[in-house]
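J.: Just dropping this structure here.
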Amino acid sequence: MTAGPNYMISRLDEIPAVPCPCGFARRAFGTDDNKLATVHLTDITEDARVHYHKHMTEIYVILEGEGEMELDGERLPVSPLTSIFIKPGCRHRAIGRMRILNIPIPAFDPDDEWFD
Numbered sequence: 001m002t003a004g005p006n007y008m009i010s011r012l013d014e015i016p017a018v019p020c021p022c023g024f025a026r027r028a029f030g031t032d033d034n035k036l037a038t039v040h041l042t043d044i045t046e047d048a049r050v051h052y053h054k055h056m057t058e059i060y061v062i063l064e065g066e067g068e069m070e071l072d073g074e075r076l077p078v079s080p081l082t083s084i085f086i087k088p089g090c091r092h093r094a095i096g097r098m099r100i101l102n103i104p105i106p107a108f109d110p111d112d113e114w115f116d
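Going by UniProt numbering, the sequence shown opens with residue 1, and the numbers climb by one from there.
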């Protein structure tokens, strides 16, 4: 990552992928001094487990592949360039193989992932 006093630049393809509940994520801008937002390039390789966040909003943008998003129990088809705004408290999961851009707001916090 390259950073200046008022900016950060990250190449998502150069960030090591880490396991996540739905596959693998490359997480950018997760620094101690940034609590505003992060960006994740996520490869969804398996159906995710239904979960929610108490504080985080997520914006998903489907880049590749097709499948469904389950949002509060409703399953909706998604394909490239579909975007989904997921508010705190919305139980959700991705279903199918796809690549997404995930923008958590505020910045991703692994302690804000809840399962029923």
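No residue lacks a Cβ here, since even glycine has one placed at the ideal position from N, Cα and C.
Mapping DSSP to helix, strand and coil, what is residue 74?
T.: strand
J.: Which residue spans inside the region 43-96 form an unbroken beta strand (DSSP E) run of at least 3?
T.: Those beta strand (DSSP E) runs which fall completely within the region 43-96 and span 3+ residues are 57-65, 67-71, 74-78, 83-86, 92-95.
J.: Expressed to the nearest angstrom, what Euclidean distance is found between the alpha-carbon atoms of residue 35 and residue 114?
T.: 20 Å
J.: Taking DSSP's pairing of strands, which residues face residue 101 in a bridge?
T.: 41, 61
J.: Tell me whether residue 18 is buried or exposed, calling it buried when 16 or more other Cβ atoms sit within 10 Å of its Cβ.
T.: exposed
J.: Suppose you measure from the CA of residue 112 to the CA of residue 53; what does that come to, to the nearest Å?
T.: 5 Å
J.: Could you compute how far the alpha carbon of residue 69 sits from the alpha carbon of residue 103?
T.: 16 Å
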